[in-house]
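Each remark here refers to the structure printed beneath this line.
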Amino acid sequence: MELVMWVEILARHHHDVAARHRCGGDEISIGRGYDNDIVIDDPYLAARHLRLYRDEDGGWVAEDLGTANGLYIERGKRRIERIVLDGDQVIRIGRTLLRLRPANWPVAAERIETPQWPLWPAAIVLAAGIVGIEVGSSFLAETGDPRPLTYLAQLQNVILTLLGWVGFWTILCRVFTGQAQFQRHLLIALIGVFSFSLFDEVLKLAGFAFGQPTVLSKEFVAMWVIVAAVGFGHLELIAPRLWRVTSGAVVALAILGIITSSLNLSEARRNADPAPSQGRIFPPYLRLRPPQAEAAFFKDVGELRDTLQAKRGDQDK
Numbered sequence: 018m019e020l021v022m023w024v025e026i027l028a029r030h031h032h033d034v035a036a037r038h039r040c041g042g043d044e045i046s047i048g049r050g051y052d053n054d055i056v057i058d059d060p061y062l063a064a065r066h067l068r069l070y071r072d073e074d075g076g077w078v079a080e081d082l083g084t085a086n087g088l089y090i091e092r093g094k095r096r097i098e099r100i101v102l103d104g105d106q107v108i109r110i111g112r113t114l115l116r117l118r119p120a121n122w123p124v125a126a127e128r129i130e131t132p133q134w135p136l137w138p139a140a141i142v143l144a145a146g147i148v149g150i151e152v153g154s155s156f157l158a159e160t161g162d163p164r165p166l167t168y169l170a171q172l173q174n175v176i177l178t179l180l181g182w183v184g185f186w187t188i189l190c191r192v193f194t195g196q197a198q199f200q201r202h203l204l205i206a207l208i209g210v211f212s213f214s215l216f217d218e219v220l221k222l223a224g225f226a227f228g229q230p231t232v233l234s235k236e237f238v239a240m241w242v243i244v245a246a247v248g249f250g251h252l253e254l255i256a257p258r259l260w261r262v263t264s265g266a267v268v269a270l271a272i273l274g275i276i277t278s279s280l281n282l283s284e285a286r287r288n289a290d291p292a293p294s295q296g297r298i299f300p301p302y303l304r305l306r307p308p309q310a311e312a313a314f315f316k317d318v319g320e321l322r323d324t325l326q327a328k329r330g331d332q333d334k
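For the sequence shown, the residue numbers in the working numbering are 18 to 334.
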């Protein structure tokens, strides 16, 4: 009885099976030429590149046919002439990954199908939340009549930035996986924007309410943490098997961003010595901490005046 073998062509990034070829007999030829048992359209393959044959023990052996680009073990860098295949061994010829399996190779049990909930409702809720936060913050900062065009300009900037970000990751996902997954990338980006907008607004309100504008100086820490988390979410869709590498990369990015931002802020304060400020006006009724007493205010002004005069005197000398 003829033993049927299956030659699998694997996707380079996920090791998913891109194609399967059913073959019979004791020898299989692979290459770009039309006289092969399996023809692969890879410009880095020779016309007759690889020979699969059964050895004396009944096992299958892959043998390079003296080609320019050779035979390798998956991501290995050492060229080999032949290798015994065991069903799990992945080999590489040109830029193609191959695996040989018999017809009786066991497969995993079928997955239990679960309902696929649409992502658009969650995306709409998050988008509405972002719009509400941006419009609300602009409204609270108004000191005169409402200006709708100002609100629209801010929303336009957020929308354009969001679409550019999502488009970039969607294109990368389409190139490397063959699937755009626009909805998932959009949802990840919306979660990141909503989280930062909410945190930023709460931080500014808390700084104003309790008279602690210095808390705003640590805002960049949350920004970099959220950027790293969002980046990891996008990369997880593109290369889920490389989650250790991607997690390490985004953590390193967050640490580098926090250190760089800290150094820039420290340098700016040393050069300009700016006093921490709220940066935005809020309605007085949001103030929970009572304002500074008049005597304490003039005392601080007097101390500041003495300090400035002393520095001026030192410069005159």
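Don't be surprised by glycine CBs; every beta carbon is placed ideally from N, CA and C.
Treat the numbers as computed from the prediction; the structure is a model and nothing was measured.
Membership of I108 in the beta strand (DSSP E) is indicated by the continuous run I108 to I110.
One alpha carbon belongs to G265, the other to P257, and they sit about 13 Å apart. For H202, the three-state secondary structure derived from DSSP is helix.
Residue burial is scored here from C-beta neighbours: V318 has fewer than 16 other C-beta atoms within 10 angstroms and is therefore classed as exposed.
The secondary-structure analysis by DSSP pairs L189 with nothing; it has no beta-bridge partner. Burial check for R95: the Cβ neighbour count within 10 Å stays below 16, so the residue is exposed.
For D217, the closest alpha carbon among the candidates Q200, G195, G248 and I243 is that of I243. Within a 10 Å sphere around the beta-carbon of A170 sit fewer than 16 other beta-carbons, which makes this residue exposed. Counting only residues of its own chain and dropping the five nearest sequence neighbours on each side, A64 has a CB closer than 6 Å to the CB of G48, R49 and G50. When beta bridges are read from the DSSP output, G48 appears opposite V56. Between the C-alpha atoms of T324 and L280 there is a straight-line separation of about 26 Å.
Collapsing the DSSP output to three states places L169 in a helix. By the Cβ rule, the region 267-274 does not count as touching the region 210-225, because fewer than three pairs are nearer than 8 Å. Here the region 61-77 lies against the region 32-48, with 3 or more beta-carbon pairs under 8 Å apart.
Only residues of its own chain outside the window of five on either side were considered, and among them E218 have a CB closer than 8 Å to the CB of G153, listed in chain order.
Between the region 110-120 and the region 173-189, the count of Cβ pairs shorter than 8 Å is below three; the stretches do not touch.
A distance below 6 Å between beta-carbons, with the five flanking residues on each side excluded, links L143 to the following residues of its chain, in chain order: L207 and F211.
Taking 8 Å as the cut-off, the Cβ atoms of L203 and V175 do not count as close.
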